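Data block below; observations after.
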Amino acid sequence: MPHRPPRFLIRSLLFSLSVAAGGLAHAADAGPGGVDDAMAAAGVAEQLQALAGQTIAWRRDIHQHPELGEQETRTAALVADHLRGLGLEPRTGIAGTGVSAILRGARPGPRIALRADMDALPVLERTGLTFASSATGTWRGETVPVMHACGHDAHVAILMTVAQLLAEMREQLAGEVMFVFQPAEEGPPEPGAIAGAARMLDEGLFADFVPEAVYGLHVTSALPVGQVGYRSGAMMAAADEWILTVSGRQTHGSRPWEGIDPITVAAQILLASQGIIARQVDTTVAPVVLTAGQIRGGIRFNIIPDEVTLAGTLRTFDEDVRANVIERLRLTADHIARASGASAHLAVASNAPLTRNDPVLAERAGAVLTRTLGADQVLTMPLLTIAEDFSQYTSVAPGFFHFVGVTPVDQDPRTAPANHSPEFFIDEAALAIGTRTLLALALDQLLAR
Ligand SMILES: [Zn+2]
Ligand SMILES: [Zn+2]
1 MPHRPPRFLI RSLLFSLSVA AGGLAHAADA GPGGVDDAMA AAGVAEQLQA
51 LAGQTIAWRR DIHQHPELGE QETRTAALVA DHLRGLGLEP RTGIAGTGVS
101 AILRGARPGP RIALRADMDA LPVLERTGLT FASSATGTWR GETVPVMHAC
151 GHDAHVAILM TVAQLLAEMR EQLAGEVMFV FQPAEEGPPE PGAIAGAARM
201 LDEGLFADFV PEAVYGLHVT SALPVGQVGY RSGAMMAAAD EWILTVSGRQ
251 THGSRPWEGI DPITVAAQIL LASQGIIARQ VDTTVAPVVL TAGQIRGGIR
301 FNIIPDEVTL AGTLRTFDED VRANVIERLR LTADHIARAS GASAHLAVAS
351 NAPLTRNDPV LAERAGAVLT RTLGADQVLT MPLLTIAEDF SQYTSVAPGF
401 FHFVGVTPVD QDPRTAPANH SPEFFIDEAA LAIGTRTLLA LALDQLLAR
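Numbering (this note's numbering), first residue to last: 1 to 449.
Here is the structure:
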């Protein structure tokens with residue numbers, strides 16, 4: 001076989017990704033080469049195929065051994081061992097359990113970062129899978145069941161696979177790629193703590209390696225397997241965790257006038273808070289969701305307690321709207337509490353800023369996805385009220401985040417158990433799709449020069 005210059009190989013590899021994904025419609029874009037290109041194409045397709053089983057095995061192993069945020073020691077060790085096996089020198093213990101490693105191509109070129117999150121959720125798995133989790137963990141002082149109910153097991157397995165494929169192509173690559181395996185995407189172990197992506201950055205993840213682009217993906221039940229989706233500009237909401245403490249004065253339940261009842265005050269504040277969204281915010285600017293997920297107060301049916309706490313999440317798509325809603329919630333709580341002689345204290349902690357796909361990068365990445373999967377498999381996502389701390393990285397570098405469908409084709413994605421559900425299910429064919437899209441996005445940068 002004659003030696004082929006790198007440029008030729010580059011085109012072959014990009015072409016082969018399209019072929020591997022069935023995107024033959026764009027074969028003409030792959031340049032000259034004919035038979036040789038097709039051979040190269042078959043090579044990469046086979047490589048992807050050969051690794052698909054390994055990706056699934058990794059994902060099942062991680063799924064069966066899920067770990068909560070900042071407790072991902074087993075997962076991190078698996079990742080670090082794999083990266084060492086690829087000849088890389090991973091940095092470990094970032095933000096608690098995070099791992100990163102840099103792969104340097106044979107020639108100079110752009111610096112990019114690829115990110116996966118590793119943490120699981122306090123959910124009792126009900127999938128009935130043979131590799132279902134029976135793990136427990138500690139969540140804010142309580143022992144809880146743990147499940148990879150958000151699919152981060154898939155993200156880790158996909159990025160491990162992409163790292164291997166890129167490491168094997170090192171000689172053809174121009175540029176450097178950092179693999180980022182991050183803990184605690186679902187939020188900090190304690191409210192208000194710096195964790196996950198923010199803590200990775202605080203601990204110098206990009207101190208000596210400022211990427212020109214950061215890529216990430218998320219599996220979703222909202223799309224059928226085979227399809228991917230993204231949105232240019234704002235895509236996912238900013239998420240704030242809020243805790244409202246209503247303080248009254250404890251007394252006998254039969255003589256409420258002798259104390260101050262924080263339960264009825266908290267109930268009034270809770271209902272009035274929805275009036276803020278419905279009556280006081282211009283929802284044509286950007287949508288808002290204000291949810292209380294927790295009410296705690298009292299110990300016995302005939303004792304009015306001293307204190308009630310409400311905790312919830314605020315989702316916004318605009319910084320001014322966010323500030324406005326927080327201020328109005330504070331004002332509403334304060335005035336309602338005072339009317340009864342109680343007091344209210346609101347604490348708000350940002351879990352993730354708005355996730356925004358850089359428009360220039362999104363245009364380029366969208367073309368890559370289309371070339372890889374075919375235009376009919378690449379969708380424009382609506383605004384999503386879920387949040388992602390991937391947004392922290394995009395405060396440092398342009399970012400592109402996309403969704404990978406995991407719902408089996410014989411199910412309706414609208415009714416399939418959603419991410420975070422105890423029945424959340426991944427059609428494992430999605431692992432190869434995610435591997436292809438992330439690899440193609442990386443090669444688009446690393447083979448461009
Ligand atoms: Zn999640
Ligand atoms: Zn997630």
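For every residue, glycine included, the Cβ atom is placed at its ideal position computed from N, Cα and C.
Nothing here was measured: the structure is a model prediction, and the numbers come from that model.
Query, Result
"Contact under 8 Å by Cβ, residue 348 with residue 202", "no"
"Alpha-carbon to alpha-carbon, residue 251 and residue 417", "44 Å"
"Length of the line joining the Cα atoms of residue 82 and residue 96", "19 Å"
"Residue 357 beta carbon near ligand 1 (any heavy atom closer than 7 Å)", "no"
"Distance cut-off 7 Å: residue 185 Cβ against heavy atoms of ligand 2", "yes"
"Beta strand (DSSP E) runs wholly inside the stretch 130 to 183, at least 3 long, in chain order", "136 to 139, 142 to 145, 174 to 182"
"Own chain partners of residue 198 with C-beta closer than 6 Å, once the 5 adjacent residues on each side are dropped", "392"
"Candidates 379, 260, 328: closest to residue 277 by CA position", "328"
"Inter-residue CB distance, residue 62 and residue 73 (contact presumed, cutoff 8 Å)", "The Cβ separation is near 13 Å, so there is no contact."
"Sequence ranges, beta strand (DSSP E) only - wholly within the stretch 365 to 397, length at least 3", "378 to 380"
"Residue 444 - containing beta strand (DSSP E), residue span", "Looking at the DSSP string, residue 444 is not in any beta strand (DSSP E); the run it does join, the alpha helix (DSSP H), is 429 to 446."
"Contact test: residue 402 Cβ vs ligand 1 heavy atom, cutoff 7 Å", "no"
"Unbroken stretches of the beta strand (DSSP E), 3 residues or longer, contained in the stretch 231 to 256", "233 to 236, 238 to 247"
"Outcome for residue 257 when other beta-carbon atoms lying within 10 angstroms are tallied against a minimum of 16", "exposed"
"Residue 281: first and last residue of the uninterrupted alpha helix (DSSP H) it sits in", "Unbroken run through residue 281: none, as it is neither H nor E."
"CB-CB length for residue 325 against residue 314, believed under 8 Å", "6 Å"
"Any non-hydrogen atom of ligand 2 closer than 7 Å to residue 117 Cβ", "yes"
"Exposed unless 16 or more other CB atoms sit within 10 angstroms - verdict on residue 389", "buried"
"Of the listed residues 279, 47, 316, nearest to residue 237 (C-alpha basis)", "316"
"Collapsed DSSP secondary structure at residue 227 in the structure displayed", "coil"
"Buried/exposed call for residue 93, threshold 16 Cβ in 10 Å", "exposed"
"Residue interval of the alpha helix (DSSP H) (run including residue 332)", "319 to 339"
"Chain-order list of residues whose beta-carbon lies under 6 Å from that of residue 439 (same chain, five-residue window excluded)", "162, 165"
"Span separating the alpha-carbon of residue 56 from that of residue 206", "30 Å"
"Residue 138 versus residue 345: straight-line alpha-carbon distance, rounded", "27 Å"
"Straight-line gap, residue 42 to residue 168 (C-alpha atoms, nearest Å)", "For residue 42, the predicted structure reports a pLDDT of 39, less than 50, and the residue's modelled location is therefore unreliable. The matter cannot be settled from this model."
"Bridge partner(s) assigned by DSSP for residue 292", "312"
"Chain-order list of residues whose beta-carbon lies under 7 Å from that of residue 222 (same chain, five-residue window excluded)", "413"
"Classification of residue 254 by the beta-carbon crowding that lies within 10 angstroms, buried from 16 upward", "exposed"
"Residue 290 and residue 269 closer than 8 Å at C-beta", "no"
"beta-carbon residue 63 near ligand 2 non-hydrogen atom, thresh 7 Å", "no"
"Beta bridge counterpart(s) of residue 82 as assigned by DSSP", "None; residue 82 has no bridge partner."
"Straight-line Cα distance separating residue 59 from residue 157", "5 Å"
"First through last residue of the alpha helix (DSSP H) which encompasses residue 464", "The shown model of the chain, from 1 to 449, leaves out residue 464, and the question about it has no answer."
"Residues of its chain near residue 407, where Cβ-Cβ distance is below 6 Å and the 5 sequence neighbours each way are ignored", "221, 224, 413, 416"
"Outcome for residue 119 when other beta-carbon atoms lying within 10 angstroms are tallied against a minimum of 16", "buried"
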